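**Student:** My structure is below; once you've seen it, I'll send some questions.
In the numbering used here, the protein residues as written are 4 to 362.
This is the structure:
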């Protein structure tokens, strides 16, 4: 559940009816935190248990030079350790990097208005490339930036649709994969050639999905995030439909995965064994898809109504990390032990999205 950036809500009548009893219990006239309470009653509030590891952790913050910039997603250059991110909001509209050793920022204004630069990756030449979900029906673009702030725009006028996430192909250093609204794209950065793979449309609304339960986005095939396995197969989430699909890069054929327990698939990542991990945002769970069997396993985080967002896989340690926007946590999951560790973020309402691992 979230507000659009324009201020109007995404709450439909069915969702409001489901939410209101809980809202009134908490914030109604005589609710636990209602206006009639002279002193707030925390006795019935349930808190997730803090582990020793979380208490021993240190979280450091650095202020971005541009006031109120919305740093959307973090990408770490594995070679240099430089941290890249986009300033997603249209007032900032920048690409930036951060040097953890010198604790210095560089910000570069994007030469495209209202770019809405989302989530990017670092290319083989060290440039940071990010998709731009530009407004106003203009042609779709990706933009790459050097460390000096020089830009190169990869444009595809025939495809005016929002793009979100760019990832590298581990089997081809020249190939990038991009998730867009109606297509999945590949981009050969050497030849600058795009190829579009139409995203699948299910024959009916998937049972148990967000679109099925609330009737929102049932006619949409909006895709959200993408990852690529060790064989070069892209895996994509379809948020409203609660679907994950795989693309065959040669034939363009897709294979979709869904069970009634899959509610709203958002972030996605792949581990060293090619297991697919995904964030079920409104379903409040972490999920794993076994690509060999198609089996889905769901894991319940300690924060019952946490909202897992971006998935980051630490392949060296085989840990799964995700951002919990509602719980305001950074969460780590160990697949071997099944243990979650939630690291609360001290600042309120941080809305962490996609993270990066730097070592």
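Backbone N, C-alpha and C define an ideal beta-carbon position, used for all residues, glycine too. This structure is a prediction, so every number in the text was calculated from the model and none was measured.
Kindly indicate which three-state DSSP category residue 109 falls into: helix, strand or coil?
**Tutor:** The answer is strand: DSSP assigns residue 109 an E or B state.
**Student:** Could you check the C-alpha separation between residue 191 and residue 354 for me, to the nearest Å?
**Tutor:** Distance between the alpha carbons of residue 191 and residue 354: 33 Å.
**Student:** Would you decide whether residue 90 is buried or exposed? Buried here means 16 or more other CB atoms lie within 10 Å of its CB.
**Tutor:** Result: buried.
**Student:** So is residue 238 buried or exposed if we call it buried at 16+ other beta carbons inside 10 Å?
**Tutor:** The residue is buried, with at least 16 neighbouring Cβ atoms inside 10 Å.
**Student:** Would you check if the distance between the CB atom of residue 203 and the CB atom of residue 259 is smaller than 8 Å?
**Tutor:** The answer is yes: Cβ separation under 8 Å.
**Student:** Put residue 73 into one of helix, strand or coil per three-state DSSP.
**Tutor:** Here residue 73 sits in coil by DSSP.
**Student:** For residue 326, which residues does DSSP report across the bridge?
**Tutor:** 333, per the DSSP bridge assignment.
**Student:** From what residue to what residue does the beta strand (DSSP E) around residue 102 run?
**Tutor:** It spans 97 to 102 - the beta strand (DSSP E) in which residue 102 sits, taken as one unbroken run.
**Student:** Which value, in whole angstroms, describes the spacing of the CA atoms of residue 108 and residue 87?
**Tutor:** Cα to Cα, residue 108 sits roughly 10 Å from residue 87.
**Student:** Decide yes or no for the touch test of the region 229 to 237 against the region 204 to 213: beta carbon pairs closer than 8 Å, at least 3 of them.
**Tutor:** Cβ pair count under 8 Å is below three, so no.
**Student:** Count the other C-beta atoms from every protein chain shown that fall within 10 angstroms of the C-beta of residue 311, then say buried if there are 16 or more, exposed otherwise.
**Tutor:** Buried, because 16 or more other Cβ atoms sit within 10 Å of the Cβ of residue 311.
**Student:** Shortest alpha-carbon distance to residue 65 belongs to which of 75, 54 and 101?
**Tutor:** Looking at the Cα atoms, 101 is the closest of the given residues.
**Student:** Would residue 288 be called buried (16 or more neighbouring beta carbons within 10 Å of its own) or exposed?
**Tutor:** Looking at its Cβ environment, which holds 16 or more other Cβ atoms inside 10 Å, residue 288 is buried.
**Student:** Quick one: give me the first and last residue of the alpha helix (DSSP H) that residue 28 is part of.
**Tutor:** Its alpha helix (DSSP H) spans residues 16 to 30.
**Student:** Alpha carbon to alpha carbon, what distance is there between residue 296 and residue 67?
**Tutor:** Near 45 Å, if we compare the C-alpha coordinates of residue 296 and residue 67.
**Student:** Is the Cβ of residue 107 closer than 8 Å to any Cβ of chain C?
**Tutor:** Absent here is chain C; the protein component of the structure consists of one chain.
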